[in-house]
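These protein sequence lines are chains A and B, in that order.
Heads up: the first sequence begins at 1 in full-length UniProt numbering, then just goes up one per residue.
Heads up: the second sequence begins at 1 in full-length UniProt numbering, then just goes up one per residue.
Ideal Cβ placement from N, Cα and C applies to all residues, glycine included.
For clarity, every value in this text was computed on a predicted model and none was experimentally measured.
Remarks on the structure that follows.
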Amino acid sequence: MSLPKETERLVADPAPGITASPHDDNLRYFDVTIQGPDGSPFQNGVFRLELFLPEEYPMSPPKVRFLTKIYHPNIDKLGRICLDILKDKWSPALQIRTVLLSVQALLSAPNPDDPLATDVAKHYKENEADAQRVSREWTEKYANA
Amino acid sequence: MHFSKTYSQLLLTLPPELRDSAIQYRQLKKIINQIVAELTALGLSPDVLHSVVQPPTAANDKGKQREDSSPSVQSTGPRVIYELATVADHVEPRLRLCLEPDESLPSDTAGPSSLPPRPETTITLPIPEDIIRSALGSGGGSHELPDGELRADGTSALPAELIIPLVSDTAFFRTLTEALNSLAAYLVTKRAEFESSLRSLSQDISSASRPQSHTAGFHPHSRYSSDPANISISSHTLALNSRSDLDTWRQIFQLYMEADIFQGHQERFRGEREVEDAEARLRTFLADLNEQTSKGTLKLRMKQSRVALKSFMELNTFILDLRKFQQVTAEATRKILKKHAKRTALPLAPDLTSPFVVHPDSADGAVVLSRAHPVRTSETFTLSLLLVQALTETLLPIIPHIDDYSCVICTGLAFKPIRLQCSHLFCVRCLVKLQKRGEEHCPICRAPTVLSANRSNVDWALLNFMKDWFPLEAKKKLQQNEREAAEEEMQELGLDVRGCVVM
């Protein structure tokens, strides 16, 4: 029952740099875009994601995945995201909006100490500048709006 | 191009009382012509003035010239300074003539034989000598004599400085300031009127939106000793009070807030809207109201409510008219000052303080002729914005909003309300779900308060408040909770209620 109300607000008053629109035939499935935050290697990129609300939402977290390729230590080749609030730190008081804001924040603050893409994390830890260069290249190559 | 025409046309769309207190643009334009005539009689036609006038200085910084004025102009030839002296309570524009170079300047730049660096510096003032003499002759009387002294060597010699008061220009500023001042006074009375109609409107809406406790069947004190899990809220206590428009006013205010007429509250746009935008939004709001009324989904039962709604719309329309008027007055003031500068070649006078800008510390709103204080903008408000705030702050809180009493998990009314030890509030249904999942932590603050919650955590005061103010929502939520609980029970018994079950 809470679904339409939350969706309504999400569509009517989106957070800056984030869009989310539900599929017509499945209101639990959302097409999402997130703009790379300014000052990050993902700046000027527009990343596409998919978001799915399981039956138990909001008791269980939404499932979120990057569709656009991204060079980030906490996001793997399949677009899966390592973010605590999407796993064990989920709270039913969180919403789609807050989840997407957290994902956007993750782009500004990669955390190579808690990696999902181990090779990217290693690169980030050993030579951050070079790793950021690759992130920028990937952004330009894959996330060009 | 023809602003005066656009101006009068725009004023015609406003209520007559606003129109009557508008700035007389045409009249001011005529005065500008008189100023030009007066200046020309002085031999200071706009062309001449253009070349000799220095930027205006406030009358009290005599002698201190602006640092950015060209030194070549200062060094040789006569200089004319346009200043606005404040005499008693009005502004007196005047021209200060400096016929000698500043003594402070190095003498080599002022050498008479050297070629002047700019042609305009060589202009000799074509002021007829009799005018200068008359200015001098009367100087001892009504006019303030400059610090410049008469030359010691001759009676016919001219002083280093002389001041010419500008009569028509004084009239111009007096007319303009008086217009703005009377406008300010008018706005003060309008504001008081607005506030008093707002107060009575607020009382009308309050009495038309009675909560349930005004009916005989309402029992504010629930039976504490009884089992809270089985509090029965019979449907008749939650039936709508037929003598209250509570729910309708809630609908109206909801529509009003969604229309976001004068100020944006969204992520994408915050702050005061453009007049055209606000006007369109007000129209949409009215159309929505009419549509819902004709569909029968919005019904005001009491006559009192219908009168109140009319008054509510009038207050909104007044704010909109005020916004339009504010915009056109600001434009007229700006244009007339610009025209004044352009036609007379006297430098642009400093901005006038708008009568629409309300300083929180000064209630009278008198117009001061002063340079703009950009620093002050953070603490000033336009009158229309203040009225919008008064309107929303007075009326909207009359009816409690569901968002303030909703469960963050299911976003419905948090009915029945459970208050955890960490003081966070959830509906009983969501709390039971959390407990069944073995979730220990409060969804808001993560304190380990969920599993220890029991019947003693029902917030009775809030429960009664909700029954009182949200009778429809509470009833709906209760039914929904019961349905959900029943479904859940069936599922726990191994029956899927959603599919077709053949026994």
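Query                                                                                                                                                                                                      : Result
Quick one: is Pro448 of chain B buried, meaning 16 or more other Cβ sit within 10 Å of its Cβ, or exposed?                                                                                                 : exposed
Should Asp120 of chain A go down as buried or exposed, given a rule of 16 or more other Cβ atoms within 10 Å for buried?                                                                                   : A small fix is needed here, since residue 120 of chain A is Val in this sequence, not Asp. Per the 10 Å Cβ criterion, buried.
So is Lys5 of chain A in contact with chain B if we call contact Cβ pairs under 8 angstroms?                                                                                                               : yes
If the criterion is Cβ atoms closer than 8 angstroms, does the pair Leu286 of chain B and Met257 of chain B meet it?                                                                                       : no
Can you check which of these residues, A:Pro16, A:Asp13, A:Gly39, A:Pro4, is closest to Asp24 of chain A by C-alpha distance?                                                                              : A:Pro4
Output, in chain order, the set of chain A residues within a Cβ distance shorter than 7 angstroms of residue 510 of chain B.                                                                               : Given a span of 1 to 503 for chain B in the structure shown, any question on residue 510 of chain B remains unanswerable.
When you compare the CB of Ala105 of chain A with every CB in chain E, is at least one pair closer than 8 angstroms?                                                                                       : Among the protein chains of the structure shown, namely A and B, there is no chain E.
By Cβ distance, which residues of its chain are closer than 7 angstroms to Ala179 of chain B, with the 5 residues on each side in sequence left out?                                                       : Ile23, Gln24
Answer with buried or exposed for Ala105 of chain A, where buried requires no fewer than 16 other C-beta atoms within 10 angstroms of its C-beta.                                                          : exposed
Counting only beta-carbon atoms, is Ala93 of chain A nearer than 8 angstroms to chain B?                                                                                                                   : yes
Could you confirm whether any beta carbon from chain B is found closer than 8 angstroms to the beta carbon of Pro16 of chain A?                                                                            : yes
Tell me Tyr82 of chain B's beta-bridge partners as DSSP assigns them.                                                                                                                                      : B:Leu95
If you follow the beta strand (DSSP E) that Ile18 of chain A is part of, which residue opens it and which one closes it?                                                                                   : 18-22
Is any beta-carbon of chain B found at less than 8 angstroms from that of Asp38 of chain A?                                                                                                                : no
CB of Phe356 of chain B to nearest heavy atom of the ligand ATP: below 7 angstroms?                                                                                                                        : In terms of ligand content, the structure shown is empty, and the ligand ATP therefore cannot be addressed.
Does the Cβ-Cβ distance between Leu298 of chain B and Gln304 of chain B come in under 8 angstroms?                                                                                                         : no
From B:Arg250, B:Pro471, B:Val432, pick the residue whose C-alpha is nearest to that of Glu488 of chain B; which is it?                                                                                    : B:Val432
With distances taken from CA atoms, which of A:Ile81, A:Leu86, A:Tyr142 is nearest Thr118 of chain A?                                                                                                      : A:Ile81
Nearest-angstrom Cα distance between Phe66 of chain A and Arg136 of chain A?                                                                                                                               : 17 angstroms
Could you pull the start and end residues of the beta strand (DSSP E) that His265 of chain B belongs to?                                                                                                   : 263-265
Return the CA-CA distance between Val64 of chain A and Gly79 of chain A, expressed in angstroms with no decimal places.                                                                                    : 9 angstroms
Considering only the alpha carbon of each residue, which of B:Val52, B:Ser197, B:Ala37 lies closest to Ala308 of chain B?                                                                                  : B:Ser197
Quick one: grab the DSSP three-state call for Phe173 of chain B.                                                                                                                                           : helix
Quick one: which residues of the stretch 254-281 of chain B get their C-beta closer than 7 angstroms to a C-beta of chain A? List them in chain order.                                                     : Gln266, Glu267
Touch check for the stretch 261-276 of chain B and the stretch 409-416 of chain B: three-plus C-beta pairs under 8 angstroms?                                                                              : no
Using the rule of at least 16 other Cβ atoms within 10 Å of the residue's Cβ for burial, across every protein chain shown, is Arg79 of chain B buried or exposed?                                          : buried
In chain B, which residues lie less than 7 angstroms from Asp13 of chain A when you measure between Cβ atoms?                                                                                              : Gln266, Glu267
Using beta carbons (cut-off 8 angstroms, strictly below), is Ile409 of chain B in contact with chain A?                                                                                                    : yes
DSSP on Cys82 of chain A, reduced to helix/strand/coil?                                                                                                                                                    : coil
Give every residue of the same chain whose Cβ lies closer than 7 angstroms to the Cβ of Val388 of chain B, excluding the five residues on either side of it in the sequence, and list them in chain order. : Phe262, Gln263, Ile319
Could you give the distance in angstroms between the alpha-carbon of Met490 of chain B and the alpha-carbon of Lys295 of chain B?                                                                          : 39 angstroms
If Gln212 of chain B and Pro471 of chain B are in contact, beta carbons under 8 angstroms, what's the gap, nearest whole angstrom?                                                                         : 5 angstroms
Leu94 of chain A by DSSP, collapsed to three states: which one?                                                                                                                                            : coil
Which class does His90 of chain B belong to by DSSP, given the choice of helix, strand or coil?                                                                                                            : strand
Relative to the C-alpha of Asn33 of chain B, which residue among B:Ala345, B:Ala208, B:Pro15, B:Arg19 is closest?                                                                                          : B:Ala345
Just to confirm the assignment, what range does the beta strand (DSSP E) spanning Asp31 of chain A have?                                                                                                   : 29-35
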